[in-house]
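Asks: My questions all concern the structure below.
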Amino acid sequence: MKKFVNDPEQFVPEFMAGVVAANPDLLEAIPEFQLIKRKNVDASKVAIVQGSGSGHEPAHVMAVGPGMLTAACQGPVFAAPPVDACYETIKSVATDAGVLVLVNNYQGDRMAWDMACEMAEADGVTLKQFWINDDVAVQDSLYTVGRRGVAGNFFVLKACGAAAEAGADLDAVYAIADKVNSNVRTMGLALTSCIPPAKGTPIFDIGDDEMEVGVGIHGEPGRERAKIKPADEIVEMLFDAVANDLPYNSGDRVALMINGLGGTPPAELYVLYNKAAQLCADRGLTIARNYVGEYCTAIEMAGCSLTLLKLDDELEKLLAAPATTACRIF
Amino acid sequence: MKKFVNDPEQFVPEFMAGVVAANPDLLEAIPEFQLIKRKNVDASKVAIVQGSGSGHEPAHVMAVGPGMLTAACQGPVFAAPPVDACYETIKSVATDAGVLVLVNNYQGDRMAWDMACEMAEADGVTLKQFWINDDVAVQDSLYTVGRRGVAGNFFVLKACGAAAEAGADLDAVYAIADKVNSNVRTMGLALTSCIPPAKGTPIFDIGDDEMEVGVGIHGEPGRERAKIKPADEIVEMLFDAVANDLPYNSGDRVALMINGLGGTPPAELYVLYNKAAQLCADRGLTIARNYVGEYCTAIEMAGCSLTLLKLDDELEKLLAAPATTACRIF
Amino acid sequence: MSDITQAMIEKALQTTAETVLRNEHYFSDLDGLAGDGDFGTSLASGFKAMNREWDEIDKSSIGTMLLKISMICSKHVGGSSGPIWGTGFMKAAMPTRGKTEITLAEAAELLQSAIDGIMARGGAKRGDKTLLDALFPVQEAMAAHSAAGDTASALKDAAAAADAAVDETRSLRAGRGRASQVGERSTNTPDPGIVAIATILQDWCKAFGVESAPTAEEVKKAIA
Amino acid sequence: MSDITQAMIEKALQTTAETVLRNEHYFSDLDGLAGDGDFGTSLASGFKAMNREWDEIDKSSIGTMLLKISMICSKHVGGSSGPIWGTGFMKAAMPTRGKTEITLAEAAELLQSAIDGIMARGGAKRGDKTLLDALFPVQEAMAAHSAAGDTASALKDAAAAADAAVDETRSLRAGRGRASQVGERSTNTPDPGIVAIATILQDWCKAFGVESAPTAEEVKKAIA
Ligand SMILES: Nc1ncnc2c1ncn2[C@@H]1O[C@H](COP(=O)(O)OP(=O)(O)O)[C@@H](O)[C@H]1O
Ligand SMILES: Nc1ncnc2c1ncn2[C@@H]1O[C@H](COP(=O)(O)OP(=O)(O)O)[C@@H](O)[C@H]1O
Ligand SMILES: [Mg+2]
Ligand SMILES: [Mg+2]
Ligand SMILES: [Mg+2]
Ligand SMILES: [Mg+2]
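Chains as they are written, first to last, in the numbering used here: chain A, 521 to 850; chain B, 521 to 850; chain C, 49 to 272; chain D, 49 to 272.
Rendered as structure tokens:
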């Protein structure tokens, strides 16, 4: 296994210790529950919490900070956090203004957070739950648990974080989550698999000339396994799937994200962005904000996802608001 | 080849077009010379230019922006830019205050920039050249071209960029480069090779249980090929090589950087940071600033480098000064 | 065997831990086919914790013991398995509070109550290709033997029923859980939860000296 | 053959382009052993540009032609090869301005002037395991034949000398260039620049119908 890891079972606690060690003024941890929270939580503001399996960094624990999440917990790599961790996360930042539980739509996460929310509400915590489901790769249906939540998560939490920071109440922050989620769509694509440290082997097999179209951020299968294509054709595929889903129409102002899944270098992401920006122009979409980098990864998978968010003035302002997280450059 | 690429020969121009498209207010490009420069260059301030082969993103063209580089050009992946590109880069931002040419110490880059500087000086441009050489992996010797420049480059250009922005003159900015370079040391390590798009195959072979200790950022061999070790032992190896070189002594304030080489996910970098921070504490070093992420990559190589910079008040202030580049999160 | 004693349940739990730890990677690999490859690890972390805390677990009754195991799931098991197994143990704990022995009929009821709890928690029903598709026939086998009260025969039939469920559900499309989000592509892979239940029951048969048919997997390995 | 005409030099340049393009990946692979694997691509981008611009190149004299090729290197060739080959062509261009034919003795001088330019540019000397270690013996072979003026024999001996340099320098440790920064680990790999010069001369022999010994690589391939 070609990874920087000590005891695979200690991988998540060790990386979280590193995140807190690198941001001592901003963050604190409760290692027992694998949770990271902001220092100095403002009790008058809505707290926003999140949590899911590890391996999607900087989502979610690295998205904790002013203007972003108030706290987040992480389960083992790719597994929802245990119920107790979710419960403690809510409790650790429960404010008078209430807690918004903002979770990507996976059954494991939903069940854990459902149980945790029931327990916290029984303790008198005011909260609301919202499920993010921006992945267009697999169809929504009454018979399944619905679409998956992927990189669009970033936009939901950024906008909600800004609204909460500005003093919006729980219903208003919930409404923002709903608005962003209703207007955001994503599809991903993998060139390679990834290796969860505890598993030690790739999560799926993929040929040297193959790609997995619509892959999930845990390496779940997507729409189809296909022969690898030139970058521009890949972007066209992703763009069409995403843009036709909402759909995004000529005249819309959008945020465009090219997200790296972990093993794809920056230069390749900009090759993709270059084409995606052209396709936006062709469709008459104005890119008001753009995001190129790693926002929601699948460990070290080589791959990408493309996200579009339809903006209005309110959302544009919320996205532009300042924020600070463990994830930074300078 | 599992990469997002169209025509491999167009890889660098396309990614650079993407960088500029994503930062239209900040940057402009001169595609013919594969160079990116700041919009609105302030003629009263020292301009700082850089350039080397591509494949190290965000170094170097993505480090152009206020408080950082004034302009940079890139050659093909891993090859120094052609002489004309270096010359045009200097000319494109040559200010009354002069130009500092800040280049990593590789013979190809030195020769190209030497020729370009001779040509620019003949045109009347005031300039100084500085070679960055922070890599402790391979020994310095009169018989070679000296040590390589690697991730420490970030600190040199950040400090020089801040000094230039604050109005320091060419000699003063040069002195900052010299001070940072004299106090910064790096060593890298690779778990996998990388694939330059034009080559289409890995740059070196490496066994499933092997690592290359002291690897160069172009995949050049380092100190030794060894059996892979637990993360903590790897950090000890890198830390000792780096910390003993200057050396860094108890009581020193330092900046610590864990740099990802492109294919290593954030969580692993924080596992490494966690141990490196402990080793700093053991040695009595105070980490005044830390940097965990991708600053100088080798395309999609899985690997890392560890950098220490000894700080004084002046450098600490320069590192903390605000800066903006194409590389951003929000 | 006739009535089910607390000692038997303890032995079943310890056997389950062995099964789960031995098959950790196998279960995860199965989960990798249509899921995310963590099922084995998630389950193992729970049973490792159970083993660690075994001596401290309050064994004053079957119910207190099962409740504690439910809490261990809530604390240590990530993924869907945490809520599912935690809920299952919780529901089985309630009717057995204060009891140190139960009849086969009571065991069948208790399993039904666990099944109901899991269905309420995750919204899955029979045929959704989850471990429920193994638990239902197991429950039915137990209920069928309730009147006669022959626990050994019940266990043997239950194990065979669970094993049959592996192959019977293979061609189904998952209706719940992560695998359901991949649509058609969940067909033709066995569900790891169903395989786990079948394997656990198989090992219970061995542990209690009850003869049982080899699992489908064992037959396949023997042929290969 | 006696004097060297501009047409011969044009043919040599076009042959060189063929050699470089055919061996692009091979040269890069060699560079990957102790360098960074871009030598073939870098050189090829220069000769591709030369081919593209061939018809527009000012061929009024050998000098104007070589100067233009030097400029193509400055514009299109990245890596060390840009300055090295650009400087080499530049230095060879100067003494041949206005000339459309040169003697073998003049050709030997012109190569010496290119060698001097490359040494000044990159600071390498003979024995540093760079392409200079091929250019020096080539220059000597040409100088040795200067008096007799037998260009064909000179080319044959020069090609053999360059080929010999590949093996003679293999065990050396690089003293300049990227390979020199890896210390001992540059020993036991052939230098790609030396291999390139040897291969180009070999192909010149074929192009001009001069019999030559097979290259070390060719012998190895024939044996394997
Ligand atoms: N809603 C559900 N109800 C019952 N069992 C379920 C449900 N969802 C999943 N399962 C079972 O759990 C197994 C997967 O567990 P696990 O890997 O921990 O979940 P995940 O990684 O998807 O969160 C499946 O094989 C299935 O048998
Ligand atoms: N200083 C030098 N002088 C002459 N030739 C050199 C020098 N440095 C390198 N070379 C030659 O150039 C070849 C490498 O070229 P190239 O790959 O373009 O350089 P790099 O990638 O190291 O910048 C070497 O094999 C060697 O023959
Ligand atoms: Mg999971
Ligand atoms: Mg190079
Ligand atoms: Mg799973
Ligand atoms: Mg090279």
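All C-beta atoms, glycine included, are put in the ideal place defined by N, C-alpha and C.
Keep in mind that this is a model prediction, so the values were computed, not measured.
1. Run through the DSSP bridge pairs and tell me what serine 572/A is partnered with.
2. Output, in chain order, the set of chain A residues within a Cβ distance shorter than 7 Å of proline 131/C.
3. Residues of chain B with CB under 7 Å from lysine 123/D, in chain order?
4. Kindly indicate which three-state DSSP category cysteine 253/D falls into: helix, strand or coil?
5. Compare the beta carbon distance of leucine 829/B and phenylalanine 759/B with 8 Å and say whether it is the shorter of the two.
6. Return the chain-ordered ranges of every beta strand (DSSP E) run that is complete within the stretch 659-725 of chain A and spans a minimum of 3 residues.
7. Give me the DSSP bridge partner(s) of lysine 556/B.
8. Can you round the beta-carbon distance between valine 619/B and leucine 647/B to whole angstroms, since I take them to be within the 8 Å contact cut?
9. Counting only the same chain and skipping the five closest in sequence on each side, list residues whose C-beta sits under 7 Å from that of isoleucine 754/A.
10. Given a cut-off of 8 Å, decide if alanine 210/C and valine 186/C are closer than it, judged by their beta-carbon atoms.
11. Just checking: is the beta-carbon of aspartate 181/D within a distance shorter than 8 Å of some beta-carbon in chain B?
12. Closer than 8 Å, CB to CB, is aspartate 239/C near chain A or not?
13. Roughly how many angstroms lie between the CA atoms of serine 574/B and alanine 65/C, to the nearest whole one?
14. Of all residues in the structure, which have a C-beta closer than 5 Å to any heavy atom of ligand 5, taken in chain order?
15. Looking at chain D, is there any beta carbon in it that lies within less than 8 Å of the beta carbon of isoleucine 723/B?
16. Less than 7 Å separating the Cβ of arginine 226/D from some heavy atom of ligand 6?
17. Can you find the residues in the same chain that come closer than 6 Å, C-beta to C-beta, to methionine 138/C, ignoring five residues on each side of it along the sequence?
18. Check the Cβ-Cβ distances between arginine 226/D and every residue of chain B, and say whether any is below 8 Å.
19. So is the beta-carbon of glycine 127/D under 7 Å away from any non-hydrogen atom of ligand 6?
20. My assumption, with CB atoms under 8 Å, is that glycine 571/B sits in contact with alanine 605/B. Please give the rounded CB distance.
21. Answer yes if the stretch 81-94 of chain C comes into contact with the stretch 236-245 of chain C, meaning at least three C-beta pairs across the two stretches below 8 Å, and no otherwise.
22. With a threshold of 8 Å between beta-carbons, can glycine 80/C be considered close to chain A, or not?
23. Can you list, in chain order, the residues of its chain with a C-beta nearer than 6 Å to that of methionine 635/A? Leave out the 5 residues immediately preceding and following it.
24. Confirm the yes/no value for this check: CB of proline 240/D, any heavy atom of ligand 2, distance under 7 Å.
25. Going by other Cβ atoms of all chains shown within 10 Å of its Cβ, with 16 needed for buried, is arginine 667/A buried or exposed?
26. Does aspartate 84/C have its Cβ less than 8 Å from a Cβ in chain A?
27. Using C-beta distances below 8 Å, list every residue in its chain close to aspartate 30/C, excluding the 5 sequence neighbours before and after it, in chain order.
28. Go ahead and pull the three-state DSSP assignment for phenylalanine 650/B.
29. May I have the straight-line CA-CA distance separating serine 122/D from glycine 134/D, to the nearest angstrom?
30. Verify whether the separation of the beta carbon atoms of isoleucine 778/B and valine 670/B is less than 8 Å.
31. Once DSSP output is grouped into helix, strand and coil, what is the label at arginine 848/B?
32. If you drop the 5 nearest sequence neighbours on each side, which residues of the same chain put their C-beta closer than 7 Å to that of isoleucine 166/C?
33. Using beta carbons (cut-off 8 Å, strictly below), is glutamate 740/B in contact with chain D?
34. By Cβ distance below 8 Å, which residues in the same chain neighbour glycine 111/D in space, the five residues on each side in sequence not counted?
35. Counting only Cβ pairs nearer than 7 Å, list the residues of chain D close to tyrosine 626/B.
36. Who are the near neighbours of isoleucine 105/D in its chain, counting only those whose CB is closer than 7 Å to its CB and skipping five residues on each side?
Replies: Based on what the coordinates show:
1. In the first sequence, residue 572/A corresponds to position 52, counting from 1. Beta-bridge pairing links serine 572/A to Gln594/A.
2. Within the third sequence, residue 131/C is the residue found at index 83, counting from 1. Within chain A, the residues near proline 131/C are Val603, Met631, Ala632 and Met635.
3. Counted from its first residue, the fourth sequence places residue 123/D at position 75. Simply Pro602 and Asp604.
4. Counting from one through the fourth sequence, the residue named residue 253/D turns up at place 205. Helix.
5. Looking up residue 829/B in the second sequence gives position 309. Looking up residue 759/B in the second sequence gives position 239. No, these two residues do not count as a Cβ contact at 8 Å.
6. 704-710
7. For the purposes of this step, residue 556/B is taken as residue 36 along the second sequence, with counting starting at 1. A quick correction: the sequence has isoleucine, not lysine, at residue 556/B. In DSSP, isoleucine 556/B forms a bridge with Ala549/B and Ala592/B.
8. Walking along the second sequence from the start, residue 619/B turns up at place 99. Walking along the second sequence from the start, residue 647/B turns up at place 127. That belief holds up - the Cβ atoms of valine 619/B and leucine 647/B are roughly 4 Å apart, short of 8 Å.
9. The residue given as residue 754/A occupies position 234 in the first sequence. Taken in chain order, the residues that qualify are Leu709.
10. Here residue 186/C refers to the residue found at position 138 of the third sequence. Here residue 210/C refers to the residue found at position 162 of the third sequence. It is a contact, given that the beta carbons lie within the stated cut-off.
11. Indexing the fourth sequence from 1 puts residue 181/D at position 133. So no, aspartate 181/D is outside the interface.
12. In the third sequence, the residue the question calls residue 239/C occupies position 191. No - not a single Cβ of chain A is within 8 Å of the one on aspartate 239/C.
13. Working through the second sequence from its first residue, we reach residue 574/B at position 54. Working through the third sequence from its first residue, we reach residue 65/C at position 17. Cα to Cα, the separation comes out at about 53 Å.
14. Asp79/C, Gly83/C, Asp84/C, Asp86/C and Phe87/C
15. As a working mapping, residue 723/B is identified with position 203 in the second sequence. Closer than 8 Å to some Cβ of chain D, the Cβ of isoleucine 723/B qualifies, so yes.
16. On the fourth sequence, position 178 is the one that residue 226/D refers to. Result yes, Cβ under 7 Å from ligand 6.
17. One-based indexing of the third sequence puts residue 138/C at position 90. Counting only Cβ-Cβ distances below 6 Å, and skipping sequence neighbours, we find Ser118.
18. Translated into the one-based positions of the fourth sequence, residue 226/D becomes position 178. It does: the Cβ of arginine 226/D has a partner Cβ on chain B nearer than 8 Å.
19. On the fourth sequence, residue 127/D is found 79 positions in, with the first residue counted as 1. For ligand 6, at least one heavy atom lies less than 7 Å from the Cβ of glycine 127/D.
20. To locate residue 571/B, count along the second sequence from 1; it is residue 51. To locate residue 605/B, count along the second sequence from 1; it is residue 85. So it is a contact: roughly 7 Å between Cβ atoms.
21. yes
22. Position 32 of the third sequence, counted from the start, is the residue given in the question as residue 80/C. With 8 Å as the cut-off, glycine 80/C counts as an interface residue toward chain A.
23. Here residue 635/A corresponds to residue number 115 of the first sequence, with the count starting at 1. Excluding sequence neighbours, methionine 635/A sits near Val603.
24. Here residue 240/D refers to the residue found at position 192 of the fourth sequence. It does: the Cβ of proline 240/D is within 7 Å (strictly closer) of some heavy atom of ligand 2.
25. Translated into positions along the first sequence, residue 667/A becomes position 147. Answer is buried; the Cβ neighbour count reaches 16.
26. As a first step, residue 84/C is located in the third sequence; it is residue number 36 there, counting from the start. Output row for aspartate 84/C: interface = yes.
27. In the structure as shown, chain C starts at 49 and stops at 272, and residue 30/C therefore has no counterpart that could be examined.
28. Stepping through the second sequence from its first residue, residue 650/B is reached at position 130. Strand, per DSSP.
29. On the fourth sequence, position 74 is the one that residue 122/D refers to. On the fourth sequence, position 86 is the one that residue 134/D refers to. Each residue's alpha carbon lies about 6 Å from the other.
30. The residue labelled residue 778/B in the question sits at position 258 within the second sequence. The residue labelled residue 670/B in the question sits at position 150 within the second sequence. Their beta carbons are not under 8 Å apart, which means isoleucine 778/B does not touch valine 670/B by this criterion.
31. For the purposes of this step, residue 848/B is taken as residue 328 along the second sequence, with counting starting at 1. Looking at arginine 848/B - three-state DSSP - the assignment turns out to be coil, as it is neither helix nor strand.
32. As a working note, residue 166/C is residue 118 in the third sequence. Ile132, Thr135, Gly136 and Leu180, listed in sequence order.
33. Residue mapping note: residue 740/B aligns to position 220 of the second sequence, counting from 1. True, the Cβ-Cβ gap to chain D drops below 8 Å.
34. Against the fourth sequence, residue 111/D aligns to sequence position 63. These residues qualify, in order along the chain: Ala141, Met142, Pro143, Thr144, Arg145, Gly146 and Lys147.
35. Here residue 626/B is taken as the residue at index 106 of the second sequence, counted from 1. Within 7 Å Cβ-Cβ: Arg226.
36. As a working mapping, residue 105/D is identified with position 57 in the fourth sequence. Here the set comprises Met113 and Lys116.
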